[in-house]
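Trainee: Have a look at this one.
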Amino acid sequence: MNKRRWIGIGIAVALLGLSVVTSSLKKEEETNESKLSSVEQLLYGSGDLEESVIEQGDSDKRIVQLTVDGTISDTGESTSLFSSEGYNHQQLLSELKAIQEDDSIKGVLLVVNSPGGGVYESAEIAKEIAKVQQKGKILYVSMKSMAASGGYYISASADKIFATNETITGSIGVIASNLNYSGLLEKLGVTDQTYKSGALKDMNSSVRPATDEDKAVMQAYIDSAYGRFVDVVANGRNLSVDAVKTLADGRIYDGSQAVKNGLVDEIGYQDDTLAALKKDNKLENAEVFEYAVSATGFASSWLGSSLAELQGLKQSESSRVLSIVESIGTPQAPKPMYFYGGE
22 MNKRRWIGIG IAVALLGLSV VTSSLKKEEE TNESKLSSVE QLLYGSGDLE ESVIEQGDSD
82 KRIVQLTVDG TISDTGESTS LFSSEGYNHQ QLLSELKAIQ EDDSIKGVLL VVNSPGGGVY
142 ESAEIAKEIA KVQQKGKILY VSMKSMAASG GYYISASADK IFATNETITG SIGVIASNLN
202 YSGLLEKLGV TDQTYKSGAL KDMNSSVRPA TDEDKAVMQA YIDSAYGRFV DVVANGRNLS
262 VDAVKTLADG RIYDGSQAVK NGLVDEIGYQ DDTLAALKKD NKLENAEVFE YAVSATGFAS
322 SWLGSSLAEL QGLKQSESSR VLSIVESIGT PQAPKPMYFY GGE
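If you count by the working numbering, then the sequence shown holds residues 22 to 364, one letter each, in order.
Next comes the structure, spelled out in structure tokens:
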């Protein structure tokens with residue numbers, strides 16, 4: 022055969038091979054869309070939770086370290102290959118659920134460094150923490166530089182809370198804010214033209230002044246969320262509702278003030294908290310570990326990260342910003358927050 026025929030045969034074989042691979046990948050995606058393709062797993066890892074041992078010890082009596090670092094919000098990015106980038110709400114929930122099913126885990130060290138966040142997301146975490154404690158597992162909290170508002174909400178039920186003298190905590194309360202520029206529009210000669218089915222359908226609109234009815238409805242909504250926050254603190258800290266309300270006017274406390282007011286148990290850093298957890302609960306020889314997400318070195322490289330964005334496995338920076346904005350609300354649709362400092 023001449024050279025052209027050999028080239029033609031080569032192209033035909035290549036096309037046949039590509040067709041087989043494409044068909045195989047398509048069939049795999051159809052049978053289980055939730056799983057990564059075998060090629061993606063090879064490149065990035067499985068995305069499953071893995072354990073990373075911090076201190077060797079008794080594997081039958083273990084302590085797991087969890088970390089909440091950043092604003093508590095759900096950006097829509099589930100537990101994935103790239104979930105180590107900042108706070109990941111779904112990954113934390115997955116870790117808490119894994120703890121509930123692991124009988125070898127006897128203690129939990131929750132490290133909190135957060136100004137709080139969404140009302141719903143904070144409540145989700147508190148719910149899963151309650152399930153962990155119902156399984157008989159001891160939970161100690163170590164507050165770092167900040168554990169305010171929602172950061173305190175998720176800490177309140179702990180068996181013991183440690184903070185440093187420099188920790189910012191408290192800010193117990195709820196906030197929802199938006200900008201109203203109706204006065205500016207009036208000066209510019211711009212009028213709003215909105216058709217609505219009820220007087221409150223456009224409540225919190227930025228283009229009209231708030232009515233007394235708007236304010237009353239929104240305040241009642243905030244007060245309801247505030248009441249739930251107060252109950253969580255009262256139950257977690259064994260304080261009366263009235264006692265909590267005297268502390269829960271939104272003000273912040275440093276660690277020593279929080280100890281005096283009964284919001285924190287002891288002054289100490291993360292290593293002090295872990296040492297106390299071991300000593301108080303006869304876990305001196307316990308193995309200490311944390312969770313990580315399975316990934317390969319390629320996943321953390323610039324090329325791997327860029328390729329993952331193109332494949333939709335990882336959010337782009339612009340998508341991430343939009344997700345965060347949506348998770349904390351917008352000026353047109355403010356979201357109630359357990360958040361220190363407003364939005």
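Each residue gets a CB set at the ideal place from its N, CA and C atoms; glycine is no exception.
1. Could you tell me if Ser-166 is buried or exposed, where buried requires 16 or more neighbouring beta carbons within 10 angstroms of its beta carbon?
2. Buried or exposed for Leu-304, going by 16 or more other Cβ atoms inside 10 Å?
3. Take every Cβ of the segment 181–189, pair it with every Cβ of the segment 198–216, and state whether three or more of those distances are shorter than 8 Å.
4. If you draw a straight line from the C-alpha of Ile-243 to the C-alpha of Leu-295, how long is it?
5. Would you mind working out which of Lys-281, Leu-131, Gln-121 and Val-195 sits nearest Met-239, comparing C-alpha positions?
6. Between the C-alpha atoms of Glu-72 and Val-309, what's the straight-line distance to the nearest angstrom?
7. Classify Tyr-216 as buried or exposed, calling it buried when 16 or more other Cβ atoms lie within 10 Å of its own Cβ.
8. Quick one: using the 10 Å Cβ neighbour count with 16 as the cut-off for buried, is Leu-131 buried or exposed?
9. Could you give the DSSP three-state label for Ala-151: helix, strand or coil?
10. Out of Asp-213, Lys-208 and Ala-237, point me to the one whose CA is closest to Val-221's CA.
11. Would you list the one or two residues that DSSP bridges to Thr-88?
12. Hey, out of Thr-92, Gln-86, Val-251 and Val-140, whose CA is closest to Ala-119's CA?
13. So the beta strand (DSSP E) Tyr-359 belongs to, where does it begin and stop?
14. Taking just the CA atoms, how far does Asp-124 sit from Asn-302?
15. Would you decide whether Lys-356 is buried or exposed? Buried here means 16 or more other CB atoms lie within 10 Å of its CB.
16. Tell me the residue span of the alpha helix (DSSP H) that contains Thr-294.
17. Mark Ser-143 as exposed unless 16 or more other C-beta atoms lie within 10 angstroms of its C-beta, in which case mark it buried.
18. Can you tell me which of the three DSSP states Met-239 falls into?
19. Per DSSP, what kind of secondary structure is Ala-184 in: helix, strand or coil?
20. Ends of the alpha helix (DSSP H) at Lys-281?
21. Lys-165 lies in the alpha helix (DSSP H); which residues open and close that run?
22. With DSSP as the reference, identify every bridge partner of Val-309, one or two as the case may be.
23. Which residue wins for smallest C-alpha separation from Val-162, given the options Ala-177, Glu-149, Gly-171 and Gln-155?
24. Which class does Gly-248 belong to by DSSP, given the choice of helix, strand or coil?
25. To the nearest angstrom, report how far apart Ala-264 and Val-254 are at their CA atoms.
Mentor: So, from the data block:
1. The residue given as residue 166 occupies position 145 in the sequence shown. Exposed.
2. On the sequence shown, position 283 is the one that residue 304 refers to. It is buried - the Cβ of Leu-304 has at least 16 other Cβ atoms within 10 Å.
3. no
4. Counting from 1 along the sequence shown, the entry for residue 243 is found at position 222. Counting from 1 along the sequence shown, the entry for residue 295 is found at position 274. Their Cα atoms are separated by approximately 36 Å.
5. Taking the first residue of the sequence shown as 1, we reach residue 239 at position 218. Selected option, being the one with the closest Cα: Val-195.
6. As a position in the sequence shown, residue 72 is number 51, starting the count at 1. As a position in the sequence shown, residue 309 is number 288, starting the count at 1. One C-alpha to the other measures close to 10 Å.
7. On the sequence shown, residue 216 is found 195 positions in, with the first residue counted as 1. The C-beta of Tyr-216 has fewer than 16 other C-beta atoms within 10 Å across all chains shown, which makes the residue exposed.
8. On the sequence shown, residue 131 is found 110 positions in, with the first residue counted as 1. Flag for Leu-131 reads buried.
9. Along the sequence shown, one-based indexing puts residue 151 at 130. Helix at Ala-151.
10. Within the sequence shown, numbered from 1, the residue matching residue 221 stands at position 200. Note that residue 221 is Leu in the sequence shown here, rather than Val. Measuring from the Cα of Leu-221, the nearest candidate turns out to be Ala-237.
11. For the purposes of this step, residue 88 is identified with residue 67 of the sequence shown, where counting begins at 1. Looking at the DSSP assignment, Thr-88 forms a beta bridge with Val-132.
12. The residue you call residue 119 lines up with position 98 of the sequence shown. The residue with the shortest Cα to Cα distance from Ala-119 is Gln-86.
13. Numbered from its first residue, the sequence shown carries residue 359 at position 338. 358–360 is the extent of the beta strand (DSSP E) around Tyr-359.
14. Numbered from 1 along the sequence shown, position 281 holds the residue referred to as residue 302. Numbered from 1 along the sequence shown, position 103 holds the residue referred to as residue 124. Rounded to the nearest angstrom, the two C-alpha atoms are 16 Å apart.
15. Translated into positions along the sequence shown, residue 356 becomes position 335. So Lys-356 counts as buried.
16. On the sequence shown, residue 294 is found 273 positions in, with the first residue counted as 1. Thr-294 -> alpha helix (DSSP H) spans 291–301.
17. Looking up residue 143 in the sequence shown gives position 122. It is buried - the Cβ of Ser-143 has at least 16 other Cβ atoms within 10 Å.
18. Working through the sequence shown from its first residue, we reach residue 239 at position 218. Reduced to three states, the DSSP call for Met-239 is helix.
19. Start at 1 with the first residue of the sequence shown, and residue 184 comes out as number 163. Annotated three-state conformation of Ala-184 is strand, per DSSP.
20. For the purposes of this step, residue 281 is identified with residue 260 of the sequence shown, where counting begins at 1. Unbroken alpha helix (DSSP H) run through Lys-281: 276–281.
21. For the purposes of this step, residue 165 is taken as the residue at position 144 of the sequence shown. Where Lys-165 is concerned, there is no enclosing alpha helix (DSSP H), although the beta strand (DSSP E) it sits in stretches over 159–169.
22. Against the sequence shown, residue 309 aligns to sequence position 288. Per DSSP, Glu-76 and Ile-84.
23. For the purposes of this step, residue 162 is identified with residue 141 of the sequence shown, where counting begins at 1. The shortest Cα separation from Val-162 among Ala-177, Glu-149, Gly-171 and Gln-155 belongs to Ala-177.
24. Taking the first residue of the sequence shown as 1, we reach residue 248 at position 227. In this structure, Gly-248 counts as helix in the three-state DSSP scheme.
25. Residue 264 sits at position 243 when you count from the first residue of the sequence shown. Residue 254 sits at position 233 when you count from the first residue of the sequence shown. About 10 Å.
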